[in-house]
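Q: Take this structure first; my questions come after.
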């Protein structure tokens, strides 16, 4: 029977499509595990982890339509040309980053990062930018804060909103032929001197550290120009790479869907068989209980339980299992009612086998193919339920689930702000995963379900 | 089972479910509610002491007075008892079931009352308006589309309809809602993104404003469910079309069209009515998310906001009213089924 089931599955077109989608999702998960750093999963909600990404940037391929958007630039010390010289006891370390800008659009913002180790005398940092038109702007000149203790390591980011930068740039009015007071630093730095448009070409950004003692050391240097486009699926308000979130969402969704459906269908199977096989008073009582469970407003109960017991993924799975077995129990019971009178079951009974043995050895094995179909069919429901719960804000906040992403999007008003790349992919993934299991379950059901009417015309 | 006995069983069942839902709710939320109430009492006492004329010798005397007052008032409110004390639980369940729902901490009704009952009663018609209208529209579209494709089984239209049904089952409806806002409110600017009307409820034009804001949620609800409705109707119809009495009618020379729209559709009535009822009942439950996405000022939106602010009296009140509406809808559906289908009475 199992073999027939498998053959039927790969012979039906629906089954093939379902299996292909599932295989595609599993392949993506495998790639994620091999290629994407695991920290991105654990630190999904840690803003520090994502700080080098641009904020609310659209996917990179949107730049191919219409105007050329600024693509995100993130450089660290290994991308820099390094030089250092010592004169009069002062060591000067210079890091030069070359950035070629060809977009029609200015960067959203920029950041200069550094991490420096020093003793009593704080180093001085000077940032210069030499532009394609050979103007050099000194953007920033300041000493780092005084060290509190020896071997102090100081890490900081200088943002484009820094007042120091704004003041430095205001000295360069003479270079521009238009009034610069209304423009922000990310525009001025990269603007043509005649009109507020992007000056194309290569920019040399130099970060020069003046170090006053020998033990000082520069650990990290970096430049980030915040783009309007980033990655395959863009970023959200917290600068998280949505593509990574989407990818990590797959194993979580599969885990939730399969666990919930396997357990709840098993409960339903045993409950239904016992009820149908025993019949009479037992059946009557068990079906009453089933009716009561059936009438419970499940979503409301889910909400109440999550409010009370916290928001762990395992709890959500447990709750979904508790309220997911009633439909299966009803169907299985009606089949078991008929099977009770089958000759081989009656024979087993006459041989003096116990009820338990008859149920588990003779009835349930016959129902397994149908059970497989039911498991597959009920996976989408479980995934949808978890997504709905997360969407209301009662999901497990530590995990990058698709529902959680959509919750964040809705909280940030993504729809009315037009941030489509935050909304469309998670929903499509939920639907795609659901579709895969639905198709597989549907084609299994067509083979296994004895109650399914044989249509005369098909 | 006769109709009377069925009704009796159903009523008992309904009452049991209602009672146990409220009992579970009260058990689950009781400790949180007690904690919030004690906090409220403490704030009240401290406010009174700060603004009152009582003079204290030293801080210790002041704090002991406050503690005594808190204990005294907690006792009169029954807050000193354990949250799971049976008599307290029963008392709470009874007061919830008699709609004595207490006061909300964060919400007020349109007319300024913070009584939970007033707030909820104001929201019920809006939820019923949106979801009943949607269900009626979807049912009409579903029946006609379903009958149409059932008559053309296996055609391109039939396959297309099955495809829509499969897809609308896979997509979360609230996600479709977000997409609709993205398209119709953000990109095309046809409908407002927020469905809460801007005019005040006492304004005579309020009802028109409300209906205008209802359009986008309504369209969305219809779009997400008409496909699977048509599929259900088609399923029932095709089963009936394969029955012997239909073949008999065909041989009598009655046209296929007449058989489909009058004989078959009439026989599909009871199961379709059941499906409509169950769909309506569960759509009220799903209203929490749909209303939250559209900002539609009904019970679901209130529930969503109350969860965010942990306003327990509102949550308990809405659980009760929501469950009641859900169960009554199922109950009516059951009765309708028994009345429509002659076979139920006999068996």
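Chains as they are written, first to last, in our numbering: chain A, 1 to 458; chain B, 459 to 805. Beta carbons: idealized from backbone N, C-alpha and C, even for Gly.
1. Output the boundary residues of the beta strand (DSSP E) element that contains residue 672/B.
2. Residue 146/A: buried (16+ other C-beta within 10 angstroms of its C-beta) or exposed?
3. Can you list, in chain order, the residues of its chain with a C-beta nearer than 8 Å to that of residue 453/A? Leave out the 5 residues immediately preceding and following it.
4. Give me whichever residues DSSP pairs with residue 223/A in a beta bridge.
5. Where does residue 271/A land, buried or exposed, given buried means 16+ other C-beta within 10 angstroms?
6. Which whole-angstrom value describes the C-beta separation of residue 542/B and residue 485/B, a residue pair presumed to lie in contact below a C-beta threshold of 8 Å?
7. Looking at C-beta atoms only, is the number of pairs between the segment 681-693 of chain B and the segment 617-631 of chain B that lie closer than 8 Å three or more?
8. Might you give, ordered along the chain, the residues of its own chain that have their beta carbon closer than 7 Å to the beta carbon of residue 683/B, omitting 5 neighbours on each side?
9. Closer than 7 Å: is that where the CB of residue 766/B sits relative to any heavy atom of the ligand MN?
10. In three-state terms, what does DSSP make of residue 656/B?
11. Leaving out five residues on either side along the sequence, give the residues of the same chain with a beta carbon under 8 Å from the beta carbon of residue 79/A.
12. Going along the chain, which residues of its own chain have a beta-carbon closer than 6 Å to the beta-carbon of residue 374/A, five neighbours each way excluded?
13. Mapping DSSP to helix, strand and coil, what is residue 128/A?
14. Any beta-carbon of chain B closer than 8 Å to the one on residue 257/A?
15. Cβ of residue 423/A less than 8 Å from any chain B Cβ?
16. So what does residue 764/B bridge to, in DSSP terms?
17. With 16 as the cutoff for other CB atoms within 10 Å, does residue 619/B come out buried or exposed?
18. Name the chain C residues whose beta carbon is nearer than 9 Å to that of residue 637/B?
19. Are residue 119/A and residue 215/A touching if we call contact CB-CB under 8 Å?
20. Touch check for the segment 430-450 of chain A and the segment 379-387 of chain A: three-plus C-beta pairs under 8 Å?
21. Write down the C-beta distance between residue 186/A and residue 108/A rounded to the nearest angstrom, noting that I regard them as a contact closer than 8 Å.
22. To the nearest angstrom, how far is the alpha carbon of residue 402/A from that of residue 391/A?
23. Figure out for me which residue from 163/A, 175/A, 110/A, 117/A has the closest Cα to the Cα of residue 134/A.
24. Buried or exposed for residue 333/A, please, with buried defined as at least 16 other CB atoms from any protein chain shown within 10 angstroms of its CB.
25. Who are residue 539/B's beta bridge partners in DSSP?
26. In whole angstroms, what separates the C-alpha of residue 653/B from that of residue 668/B?
27. Name, in chain order, the residues that DSSP records as bridge partners for residue 191/A.
28. Would you say residue 751/B faces chain A, with C-beta separation under 8 Å as the test?
29. Candidates 110/A, 417/A, 310/A: which alpha carbon is nearest residue 393/A's?
30. Taking its Cβ as the centre, do 16 or more other Cβ atoms sit within 10 Å of residue 728/B, making it buried, or is it exposed?
31. Among residues of its own chain, excluding the 5 on either side of residue 576/B, which ones have a beta-carbon nearer than 6 Å to its beta-carbon?
32. Taking the alpha-carbon positions, what's the residue 341/A to residue 773/B distance?
33. With distances taken Cα to Cα, identify the nearest neighbour of residue 649/B among 526/B, 677/B, 505/B.
34. Just reading off the beta strand (DSSP E) that residue 142/A is part of, what are its end residues?
35. Is the distance from the Cβ of residue 366/A to the Cβ of residue 339/A below 8 Å?
36. Which residues in the same chain have their Cβ closer than 8 Å to the Cβ of residue 680/B, if we skip the five residues on either side of it in sequence?
A: Quick look at the numbers:
1. For this step, residue 672/B is matched to residue 214 along the second chain. Where residue 672/B is concerned, there is no enclosing beta strand (DSSP E), although the alpha helix (DSSP H) around it starts and stops at 664-699.
2. For the purposes of this step, residue 146/A is taken as residue 146 along the first chain, with counting starting at 1. That one is exposed.
3. Position 453 of the first chain holds residue 453/A. Per-residue confidence for residue 453/A stands at a pLDDT of 47, beneath the threshold of 50, marking its modelled position as unreliable; no derived number is given.
4. To locate residue 223/A, count along the first chain from 1; it is residue 223. Answer is 75/A, 112/A, bridged to residue 223/A.
5. Along the first chain, one-based indexing puts residue 271/A at 271. With 16 or more other Cβ atoms within 10 Å, it is buried.
6. Taking the first residue of the second chain as 1, we reach residue 542/B at position 84. Taking the first residue of the second chain as 1, we reach residue 485/B at position 27. Indeed, because the Cβ distance is near 7 Å, the residues count as touching under 8 Å.
7. Between the segment 681-693 of chain B and the segment 617-631 of chain B there are three or more inter-stretch CB-CB distances shorter than 8 Å, so the stretches are counted as touching.
8. Numbered from its first residue, the second chain carries residue 683/B at position 225. Closer than 7 Å at the Cβ level, and outside the excluded window around residue 683/B, lie 596, 626.
9. In the structure shown, the ligand MN is absent, as is every other ligand, since no ligand is present at all.
10. Counted from its first residue, the second chain places residue 656/B at position 198. DSSP, reduced to helix, strand and coil, places residue 656/B outside both helices and strands of the structure shown, so it counts as coil.
11. Here residue 79/A is taken as the residue at index 79 of the first chain, counted from 1. Within the same chain, 97 come within 8 Å of residue 79/A by CB-CB distance, once the 5 residues on both sides are set aside.
12. Locating residue 374/A in the first chain gives position 374, where the first residue counts as 1. Hits under 6 Å: 265, 328.
13. Taking the first chain and counting its residues from 1, one reaches residue 128/A at position 128. Strand.
14. On the first chain, residue 257/A is found 257 positions in, with the first residue counted as 1. No, no contact with chain B.
15. As a first step, residue 423/A is located in the first chain; it is residue number 423 there, counting from the start. Chain B, which has a Cβ nearer than 8 Å to the Cβ of residue 423/A, makes this yes.
16. Along the second chain, one-based indexing puts residue 764/B at 306. Answer is none; residue 764/B lacks a bridge partner.
17. For the purposes of this step, residue 619/B is identified with residue 161 of the second chain, where counting begins at 1. Around the Cβ of residue 619/B, a 10 Å sphere holds 16 or more other Cβ atoms; the residue is buried.
18. In the displayed structure, chain C is absent; the protein chains listed are A and B.
19. Numbered from 1 along the first chain, position 119 holds the residue referred to as residue 119/A. Numbered from 1 along the first chain, position 215 holds the residue referred to as residue 215/A. Result yes, Cβ atoms of residue 119/A and residue 215/A sit closer than 8 Å.
20. Contact check between the segment 430-450 of chain A and the segment 379-387 of chain A: three or more CB pairs, one atom from each, fall below 8 Å, which counts as touching.
21. Along the first chain, read from residue 1 onward, the residue named residue 186/A stands at position 186. Along the first chain, read from residue 1 onward, the residue named residue 108/A stands at position 108. Correct: roughly 7 Å between the Cβ atoms.
22. Here residue 402/A refers to the residue found at position 402 when the first chain is read from its first residue. Here residue 391/A refers to the residue found at position 391 when the first chain is read from its first residue. Each residue's Cα considered, the two are about 9 Å apart.
23. For the purposes of this step, residue 134/A is taken as residue 134 along the first chain, with counting starting at 1. That would be 175/A, whose Cα lies nearest to the Cα of residue 134/A.
24. Within the first chain, numbered from 1, the residue matching residue 333/A stands at position 333. Buried, because 16 or more other Cβ atoms sit within 10 Å of the Cβ of residue 333/A.
25. Stepping through the second chain from its first residue, residue 539/B is reached at position 81. For residue 539/B, which the question treats as bridged, DSSP gives no partner whatsoever.
26. Along the second chain, one-based indexing puts residue 653/B at 195. Along the second chain, one-based indexing puts residue 668/B at 210. In this structure, the straight-line span from the alpha carbon of residue 653/B to that of residue 668/B is close to 8 Å.
27. Within the first chain, the letter at position 191 stands for residue 191/A. For residue 191/A, which the question treats as bridged, DSSP gives the partners 198/A.
28. Here residue 751/B refers to the residue found at position 293 of the second chain. Closer than 8 Å: yes.
29. As a working mapping, residue 393/A is identified with position 393 in the first chain. Selected option, being the one with the closest Cα: 310/A.
30. Your numbering for residue 728/B matches position 270 in the second chain. So residue 728/B counts as buried.
31. The count along the second chain starts at 1 and reaches residue 576/B at position 118. Shown here for residue 576/B: same chain residues with a beta carbon closer than 6 Å to its own, the five before and five after excluded, namely 567 in chain order.
32. Within the first chain, the letter at position 341 stands for residue 341/A. Within the second chain, the letter at position 315 stands for residue 773/B. When the Cα atoms are used, residue 341/A and residue 773/B turn out to be separated by approximately 49 Å.
33. Position 191 of the second chain, counting from 1, holds the residue named residue 649/B. Among 526/B, 677/B, 505/B, the Cα nearest to that of residue 649/B is on 677/B.
34. As a position in the first chain, residue 142/A is number 142, starting the count at 1. Where residue 142/A is concerned, the enclosing beta strand (DSSP E) stretches over 136-143.
35. As a first step, residue 366/A must be located in the first chain, where it is residue number 366. As a first step, residue 339/A must be located in the first chain, where it is residue number 339. It is a contact, given that the beta carbons lie within the stated cut-off.
36. Residue numbering aside, residue 680/B sits at position 222 when the second chain is read from its first letter. In the same chain as residue 680/B, and ignoring 5 residues on each side of it, the C-beta atoms closer than 8 Å to its own belong to 592, 595, 596, 599, in chain order.
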